[in-house]
Every structure is written in C-alpha cells, then in structure tokens.
Amino acid sequence: QKPILEVQNLKKYYPIRTALGKTKGYIKAVQDISFTIYEGETFGLVGESGCGKSTAGRSLLRLIEPTSGEAYFNGEDIFQHHKRSLKKVRKDLQMIFQDPNTSLDPRKKVGFSIEEALKIHKIGTNQERKQIALQLLKKVGFTEDHYDRFPHEFSGGQRQRIGIARALVLNPKLIICDEPVSALDVSIQAQIINLLKQLQKEFNISYLFIAHDLSVVRHIADRVGVMYLGHLVEQGNTDDIFSNPLHPYTQSLLSAVPTLNPKQKKEKIIIKGELPSPLNPPSGCVFHTRCPYAMDICKQKKPSDIKINAFQSVKCHLYKNETANLII
Ligand code: SF4
Ligand code: MG
12 QKPILEVQNL
22 KKYYPIRTAL
32 GKTKGYIKAV
42 QDISFTIYEG
52 ETFGLVGESG
62 CGKSTAGRSL
72 LRLIEPTSGE
82 AYFNGEDIFQ
92 HHKRSLKKVR
102 KDLQMIFQDP
112 NTSLDPRKKV
122 GFSIEEALKI
132 HKIGTNQERK
142 QIALQLLKKV
152 GFTEDHYDRF
162 PHEFSGGQRQ
172 RIGIARALVL
182 NPKLIICDEP
192 VSALDVSIQA
202 QIINLLKQLQ
212 KEFNISYLFI
222 AHDLSVVRHI
232 ADRVGVMYLG
242 HLVEQGNTDD
252 IFSNPLHPYT
262 QSLLSAVPTL
272 NPKQKKEKII
282 IKGELPSPLN
292 PPSGCVFHTR
302 CPYAMDICKQ
312 KKPSDIKINA
322 FQSVKCHLYK
332 NETANLII
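For what it's worth, full-length UniProt numbering labels the leading residue of the sequence shown as 12, then goes sequentially.
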C-alpha cells in the first residue's frame, strides 16, 4: 500500500496573551500527532469535542497554520509550501464540512457552487464545466434538473451531498471530512456514509474522516486514531481497535457505544471527572486524572508510543514494547 499522506509530529499551539500582548502560555490544541493515510483508504480520527481533531484536519489544509511538524502529501511537505504555491496541492486535497451551508452560497444555484473550483483553477470552458457539474449531480443522487436550484430548496442531507459533489469536482486524492454526518438524522447518516464509500471505490479517493461518534467511524474507516486532549493516544486497524481496544480512554469510549449483539456484553466504563482544560493539561499522561488504572508513574512521565503491530500503537504505561501485554 502506498501512503498518500504522512503526518509527523503535528503540533498546534495557540498563544494566550496578556492585555499588554505578552505571551503568558499556550493552548496546546494538537500535541505531536503522527499518522499515515494510504491510497484509497479511510483513516478515522475520533475523540470528544475539543480534543483537537478538527484543528488537526484544518492544519492539513493550512486553513489553520500548524505550529510545527511535517505532512507529506504525495511526498511533498504541505507545511513547507508558501501560501501561494499551495493552490496546486489544494487541488488534490479537499474538505467536506459538518455544516454544508458553510460551503454553499445561498444566493448561488447549486450547479454554480459545484463548478466554482473549476473556474478558480481555470479548468475547461463554461460548457465543459457545466457538463462536469451535471455529471457530479448524478453521481451524488440528483438529476440534471437540480442544477438550477438554490441551497434552500434542499434538505440538510441533500445539501451535504451537494457539498460532496463540490469536493469531488477537482478530482482530489484526499478529502478531509470534518464530522460530515454529525448534524444529520441517523437514517440520513447511513446514506451519506454509503455514498462516500461508493465514491471512494469509484475514484480511489482517500478520506480523513473526523468524528466524535465511534459507531459512525466503524462503518467507514479502515484505520482509526483516537484523540484525547490534543494527543493521539491510540491508533490501529478498525477491527483491532473495536475488538481489542488497548488504551483505557479508547476502552471507555467503546463501552459507551451500544452493541446490538447480546453475546458481546460490555461493562460500561464510566470515566470520572471532567475533561481537563487544554490550557492547563495534566502532567505525565494527559488521561491520568480520569483513568481507572492510573499509577504513580502516570502522573510523572509521558507515555511514549508503544508499537503493538504494524498498524496498532498505544500511548500508555500499561504496555511494554516487545510483548504488548498488560503489565498489571
Ligand atoms: Fe491510564 Fe496511566 Fe495508561 Fe495514562 S498511562 S492511560 S493514566 S494507565
Ligand atoms: Mg470539530
């Protein structure tokens, strides 16, 4: 498998300034996260709101400037590009937002919104652009008649499908999907997920799929990364993460997902306390204030990334490199 995006040590810190403009500290929104997305695959990034997953996604598009790190897309480091030369990269890297309204201009016919990026990149004649938009409308389940309609004539789920058509228009290699179904009814969520999967197969697109809901990610992701307070605490193949979650935080997230299989009785793990402020994150392991297994070492030492297999790794003092067995 060929990597399409390799993110290494991505950090995003927001300075907190005093009234006089002096920096008095940092909000560490994303702390040193690394992951790889392969061609034609979906990497799911999950965690509670405020864990840094959207910030990470947006940094990859440079909608937010990262503080440090590398992100090799097709072998080139996106973070090294000057804003101007980013345009070329942007063509291959698109985004779908939680609220499709943010990308659809209410005064423009949806057909125009779909075509817009072609115009910006000076691709095709007016007629050719319209043809592409009409084809894409069909790909996402509409007819050619919908070309002339306005966003308000569509439901939320339909608008998200327009947003998807819009993201596809430049033939991207990777689409960052930031909670694309979170605002939709459950029945509509499944339709959108299926559409994304179908388009992935057809166009060999990779997705970075950001979500707070693990059950959604299970249906689309080949691999999953779990974020907590800016840290990527565990990642691995979706099947491994769901059948054998290793990080206590992943375990607690999973125990909250209802299961339809009565044989798979799960004990609900209640994590204690509140989510700490990213302004003042806990020392050592960031999860220690809420972890049911916290040990003395957890308060003092940051756990390093322990490799479990080719894809699965976990940041937790309960595991050792070679054996990956629980040491307690
Ligand atoms: Fe819990 Fe310690 Fe593992 Fe952190 S390092 S998740 S506190 S056991
Ligand atoms: Mg978000």
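In this text, a Cβ means the ideal position worked out from N, Cα and C, and glycines have one as well.
Going along the chain, which unbroken runs of the alpha helix (DSSP H) with 4 or more residues stay wholly within the region 210-275?
The region 210-275 contains these whole alpha helix (DSSP H) runs: 225-231, 249-254 and 259-266.
Beta carbon of Leu72, beta carbon of Ser45: below 9 Å?
Locating residue 72 in the sequence shown gives position 61, where the first residue counts as 1. Locating residue 45 in the sequence shown gives position 34, where the first residue counts as 1. Cβ atoms of Leu72 and Ser45: not closer than 9 Å.
For Pro259 and Cys302, which I take to be in contact (beta-carbon distance under 8 Å), what is that distance rounded to the nearest angstrom?
Here residue 259 corresponds to residue number 248 of the sequence shown, with the count starting at 1. Here residue 302 corresponds to residue number 291 of the sequence shown, with the count starting at 1. With 8 Å as the limit, Pro259 and Cys302 qualify as a contact, their Cβ atoms being about 5 Å apart.
What residues in its chain sit with their C-beta under 6 Å from that of Tyr83, if we drop five residues either side in the sequence?
In the sequence shown, residue 83 corresponds to position 72, counting from 1. Once the five neighbours on either side are set aside, the close Cβ partners of Tyr83 are Glu17.
According to the Cβ coordinates, are Leu129 and Gly174 closer than 9 Å?
Taking the sequence shown and counting its residues from 1, one reaches residue 129 at position 118. Taking the sequence shown and counting its residues from 1, one reaches residue 174 at position 163. Taking 9 Å as the Cβ cut-off, Leu129 and Gly174 do not qualify as a contacting pair.
Can you list, in chain order, the residues of its chain with a C-beta nearer than 6 Å to that of Ile339? Leave out the 5 residues immediately preceding and following it.
Working through the sequence shown from its first residue, we reach residue 339 at position 328. Annotation note: pLDDT 43 at Ile339 (below 50); position unreliable, coordinate value reported separately. Cβ neighbours of Ile339 beyond the five flanking positions: none.
Since Leu16 sits in a beta bridge, which residues does DSSP pair it with?
Reading the sequence shown from its first residue, position 5 is the one you call residue 16. Answer by DSSP bridge pairing, in chain order: Ile48 and Phe84.
Report yes if the C-beta distance between Gly80 and Gln146 is below 9 Å; otherwise report no.
Against the sequence shown, residue 80 aligns to sequence position 69. Against the sequence shown, residue 146 aligns to sequence position 135. It is not a contact, given that the beta carbons lie outside the stated cut-off.
Could you tell me whether the region 214-222 touches the region 284-296, using the rule of 3 or more Cβ pairs below 8 Å?
Too few Cβ pairs lie closer than 8 Å, so no.
Can the beta-carbon of Asp224 be found less than 9 Å from the beta-carbon of Val57?
Against the sequence shown, residue 224 aligns to sequence position 213. Against the sequence shown, residue 57 aligns to sequence position 46. In contact: Asp224 and Val57 (Cβ atoms closer than 9 Å).
Taking the continuous beta strand (DSSP E) assigned at Ser324, which residues delimit it?
The count along the sequence shown starts at 1 and reaches residue 324 at position 313. From DSSP, the beta strand (DSSP E) with Ser324 extends over Ser324 to Lys326.
Could you give the residue range of the beta strand (DSSP E) that holds Ile317?
Taking the sequence shown and counting its residues from 1, the one referred to as residue 317 is at position 306. Residues Asp316 to Lys318.
Is the beta carbon of Ile231 closer than 9 Å to that of Lys208?
On the sequence shown, position 197 is the one that residue 208 refers to. On the sequence shown, position 220 is the one that residue 231 refers to. Yes, the pair counts as a contact, with Cβ atoms nearer than the cut-off.
Measuring straight from C-alpha to C-alpha, what distance separates Gly167 and Val227?
One-based indexing of the sequence shown puts residue 167 at position 156. One-based indexing of the sequence shown puts residue 227 at position 216. Gly167 and Val227: Cα-Cα distance of roughly 18 Å.
Which same chain residues end up closer than 6 Å to Cys296 when comparing Cβ atoms and leaving out the 5 residues on each side of it in sequence?
Along the sequence shown, read from residue 1 onward, the residue named residue 296 stands at position 285. Cβ within range, chain order: Cys309 and Pro314.
As a quick exercise: from Arg140, Asp110, Ala222 and Gln142, pick the residue whose alpha carbon is nearest that of Gln169.
By one-based count along the sequence shown, residue 169 stands at place 158. Comparing Cα-Cα distances from Gln169 to each of Arg140, Asp110, Ala222 and Gln142, the minimum goes to Asp110.
With 16 as the cutoff for other CB atoms within 10 Å, does Asp159 come out buried or exposed?
The residue given as residue 159 occupies position 148 in the sequence shown. Counting Cβ neighbours within 10 Å, Asp159 comes out exposed, since fewer than 16 surround it.
What would DSSP say about Tyr57, mapped onto helix, strand or coil?
Locating residue 57 in the sequence shown gives position 46, where the first residue counts as 1. Position check: residue 57 holds Val in this sequence, whereas Tyr was assumed. Strand.
If you check the beta carbons only, do Ile317 and Lys184 fall under 9 Å apart?
In the sequence shown, residue 317 corresponds to position 306, counting from 1. In the sequence shown, residue 184 corresponds to position 173, counting from 1. No.
What residues match up with Met106 in a beta bridge as DSSP calls it?
In the sequence shown, the residue the question calls residue 106 occupies position 95. Bridge partners of Met106: Ile187.
To the nearest angstrom, how far is the alpha carbon of Ile48 from that of Leu31?
Start at 1 with the first residue of the sequence shown, and residue 48 comes out as number 37. Start at 1 with the first residue of the sequence shown, and residue 31 comes out as number 20. Cα-Cα distance, rounded: 43 Å.
Report the rounded CA-to-CA distance for Ser124 versus Arg69, giving the unit in angstroms.
What you label residue 124 is simply residue 113 of the sequence shown in a count that begins at 1. What you label residue 69 is simply residue 58 of the sequence shown in a count that begins at 1. Going from the Cα of Ser124 to the Cα of Arg69 covers about 21 Å.
Quick check on DSSP: helix, strand or coil for Arg28?
Numbered from its first residue, the sequence shown carries residue 28 at position 17. DSSP places Arg28 in strand when its eight states are reduced to three.
Using the Cβ count rule (16 or more neighbours within 10 Å means buried), how would you classify Glu59?
Translated into the one-based positions of the sequence shown, residue 59 becomes position 48. The residue is exposed, with fewer than 16 neighbouring Cβ atoms inside 10 Å.
Across which residues does DSSP place Ile38 in a beta bridge pair?
Counting from 1 along the sequence shown, the entry for residue 38 is found at position 27. Its beta-bridge partners are Tyr25.
Give me the DSSP bridge partner(s) of Ser79.
Residue mapping note: residue 79 aligns to position 68 of the sequence shown, counting from 1. Looking at the DSSP assignment, Ser79 forms a beta bridge with Lys22.
Which ranges does the alpha helix (DSSP H) cover as unbroken runs of at least 4 residues, wholly within the region 151-176, from first to last along the chain?
Those alpha helix (DSSP H) runs which fall completely within the region 151-176 and span 4+ residues do not exist here.
Comparing alpha-carbon positions, which option in Thr34, Lys35 and Lys39 lies nearest Pro293?
For the purposes of this step, residue 293 is taken as residue 282 along the sequence shown, with counting starting at 1. Checking every option, the nearest Cα to that of Pro293 belongs to Lys39.
I'd like to confirm something about His328: is its beta-carbon nearer than 8 Å to some heavy atom of the ligand SF4, or not?
Within the sequence shown, the letter at position 317 stands for residue 328. True, at least one ligand heavy atom lies under 8 Å from that Cβ.
Return the residue from the list Glu155, Arg234, Met238 and Leu240 that minimises the CA-CA distance to Asn248.
If you number the sequence shown from 1, residue 248 lands on position 237. If we check each option's Cα against that of Asn248, Arg234 comes out closest.
First and last residue of the alpha helix (DSSP H) that includes Cys309?
Here residue 309 corresponds to residue number 298 of the sequence shown, with the count starting at 1. Run containing Cys309: Asp307 to Gln311, per the alpha helix (DSSP H) assignment.
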